[in-house]
Amino acid sequence: MKIVIINYGAGNIQSIMFAIERLGFKAVLSNDPEEIKAADKVIFPGVGEASYAMKMLKQSGLDSLIPTLKQPVFGICLGMQLMCNSSEEGNTEGLGIFDVDVIKFSPKVKVPQMGWNNIYNLKSDLFKGIAENEYMYLVHSFYAPICKETIATTDYELEYSSALENDNFYGTQFHPEKSGDVGEQILNNFLKI
Numbered sequence: 030m031k032i033v034i035i036n037y038g039a040g041n042i043q044s045i046m047f048a049i050e051r052l053g054f055k056a057v058l059s060n061d062p063e064e065i066k067a068a069d070k071v072i073f074p075g076v077g078e079a080s081y082a083m084k085m086l087k088q089s090g091l092d093s094l095i096p097t098l099k100q101p102v103f104g105i106c107l108g109m110q111l112m113c114n115s116s117e118e119g120n121t122e123g124l125g126i127f128d129v130d131v132i133k134f135s136p137k138v139k140v141p142q143m144g145w146n147n148i149y150n151l152k153s154d155l156f157k158g159i160a161e162n163e164y165m166y167l168v169h170s171f172y173a174p175i176c177k178e179t180i181a182t183t184d185y186e187l188e189y190s191s192a193l194e195n196d197n198f199y200g201t202q203f204h205p206e207k208s209g210d211v212g213e214q215i216l217n218n219f220l221k222i
């Protein structure tokens, strides 16, 4: 199985590579459109600021490639947010894969939300064998509201989407690669989709 992690200058790439290796697979880093198109599975990571990350995607033409991919694609954290219609962070236009706009938490709560929080209302093969209310690791100041593509929910000031799914596209706000055995099980489930 060929697993490609999109390398566009905004990512938590090493920890994802190590998690995939622990599951017994190998992944390659690439920003080459042909290599990405030829992959069996694509992981779209992201740590950083939305408008800068989108600028990096546009420079390499990946902003037009990613929405056309037919194989399973997994966006993590900022990767998931960039797959939405837009983000309030830097007034960024997104890839429009998930039909929801990313907004900032209110000043009533500490941002970023940093640390462990539970996920529930699990609705996808991504969560096969995962119990309701498992704890995942999150670091974010912006969130995707609940929408028709929500497949997991987390509560921080309000309920929001901690995972989204649309056709062959999946996204998690949490970091499965930093969430211990349960997070790695979610990554493993993705690799089996």
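Add 29 to the 1-based position in the sequence shown for the working numbering, that's all there is to it.
Ideal placement from N, C-alpha and C gives every residue a C-beta, glycine not left out.
Please read all numbers here as calculations on a predicted model, not as lab measurements.
- Inclusion of G200 and G104 in the CB contact set at 7 Å is warranted, their separation being smaller than that value.
- Among the bridge pairs identified by DSSP, N146 is matched with M165.
- Separation of the CB atoms of Y172 and Y189 is rounded to 4 Å, and the pair is thereby assigned contact status at 8 Å.
- The beta carbon of T179 sits closer than 7 Å to those of S190 and L193, all from its chain and outside the five residues before and after it, given in chain order.
- The continuous stretches of beta strand (DSSP E) do not include I65, which lies in the alpha helix (DSSP H) extending over residues P62 to A67.
- Contact between the stretch 137 to 151 and the stretch 106 to 119 is absent: fewer than three C-beta pairs spanning the two stretches fall below 8 Å.
- Contact between the stretch 159 to 173 and the stretch 206 to 217 is present: 3 or more CB-CB pairs across the two stretches fall below 8 Å.
- Taking C-beta separations shorter than 8 Å and ignoring five residues to either side along the sequence, the partners of G212 in its chain run A48, M165, Y166, F203, H204, P205 and E206, following chain order.
- Counting of Cβ neighbours within 10 angstroms places M109 among the buried residues, the total reaching 16 or more.
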